[in-house]
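Numbering (full-length UniProt numbering) for the sequence shown: 1 to 157. Just so it is clear, CB atoms sit at the ideal spot from N, CA and C, and this is done for glycine as well. The block underneath contains the structure these notes are about, expressed in structure tokens.
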Amino acid sequence: MSESQTPQWLKTWQDSPAAQEPPHRGGFLPGVSGNPRGRPVGSRNKKNVIADELAKEGSAVARVVMDAALAGDMQAANMVLQRLSPPLRARAEKVTFELTPDAPLHQQANQVLASVAEGAIDPETGKLLIDCIQSVAGIRAVDELEARLIALEEKSQ
């Protein structure tokens with residue numbers, strides 16, 4: 001706008017400092033708590049109250065479930081067995097096959113694949129072994145890289 005088109009009130013108007021700041025987003029202003037006194041002393045959340053009530057009556061509930069299981073209630077028996085016996089975990093059987101530990105890693109992987117193809121080891125065990133070989137390859141690569149870096153640092157000094 002040119003000087004002749006500016007209204008008189010705008011010539012002397014200045015923006016207030018508070019209006020220049022961006023509006024605050026959120027429920028409370030920074031540094032001002034919505035609850036200055038804090039949580040009341042001795043107050044407890046609902047979860048802890050329920051847990052305490054269950055702990056008080058836990059042995060009675062366990063006795064009722066045990067009695068129901070002994071009376072033939074299969075759901076109660078299932079609950080008891082789930083708590084008493086640990087979950088079964090898969091265990092791999094020992095396998096014997098040809099593997100040359102001094103061979104390059106790619107040859108070792110090929111030996112594992114050949115053993116899987118022959119049926120000497122199951123595919124899951126073969127995959128596990130190849131994953132182990134791959135981990136060893138990664139470790140060797142890091143070791144070789146570290147040795148090369150040390151050699152370069154010594155050479156540059």
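Does the structure place the segment 123–136 close enough to the segment 88–108 that three or more beta carbon pairs sit under 8 Å?
Yes, since at least three Cβ pairs between the segment 88–108 and the segment 123–136 fall closer than 8 Å, the two stretches touch.
Taking buried to mean at least 16 other C-beta atoms within 10 Å of its own C-beta, is E144 buried or exposed?
Looking at its Cβ environment, which holds fewer than 16 other Cβ atoms inside 10 Å, E144 is exposed.
Within 10 Å of its beta-carbon, does I150 have 16 or more other beta-carbons around it, so buried, or fewer, so exposed?
With fewer than 16 other Cβ atoms within 10 Å, it is exposed.
Exposed or buried, which one is V41 when buried takes at least 16 other CB atoms within 10 Å?
By the 10 Å Cβ count, V41 comes out exposed.
Should I121 go down as buried or exposed, given a rule of 16 or more other Cβ atoms within 10 Å for buried?
Burial call: buried.
Taking the alpha helix (DSSP H) that N110 falls in, what are its first and last residues?
Taken as a continuous stretch (DSSP letters only), the alpha helix (DSSP H) holding N110 covers 105–118.
Measuring alpha carbon to alpha carbon, tell me which residue in A76, E53, D52 is nearest R63.
Out of A76, E53, D52, A76 has the C-alpha closest to the C-alpha of R63.
Can you find at least 3 beta carbon pairs, one from the segment 86–93 and one from the segment 57–74, that sit closer than 8 Å?
Result no; under three Cβ-Cβ pairs closer than 8 Å.
Quick one: Cα of P30 to Cα of V80, how far?
One C-alpha to the other measures close to 53 Å.
Say yes only if the C-beta of G126 is nearer than 6 Å to one or more non-hydrogen atoms of the ligand MG, and no if none qualify.
The ligand content of the structure shown is nil, which means the ligand MG is not present either.
Secondary structure at R63, three-state DSSP: helix, strand or coil?
Residue state, collapsed to three classes: helix.
When the distance is taken between beta carbons, is V142 closer than 7 Å to L129?
No, Cβ-Cβ distance for L129 and V142 is not below 7 Å.
Could you check the C-alpha separation between M1 and D15 for me, to the nearest Å?
Annotation note: pLDDT 49 at M1 (below 50); position unreliable, coordinate value reported separately. Going by the C-alpha atoms only, they are around 18 Å apart.
Can you tell me whether DSSP reads L88 as helix, strand or coil?
It is coil, neither helix nor strand.
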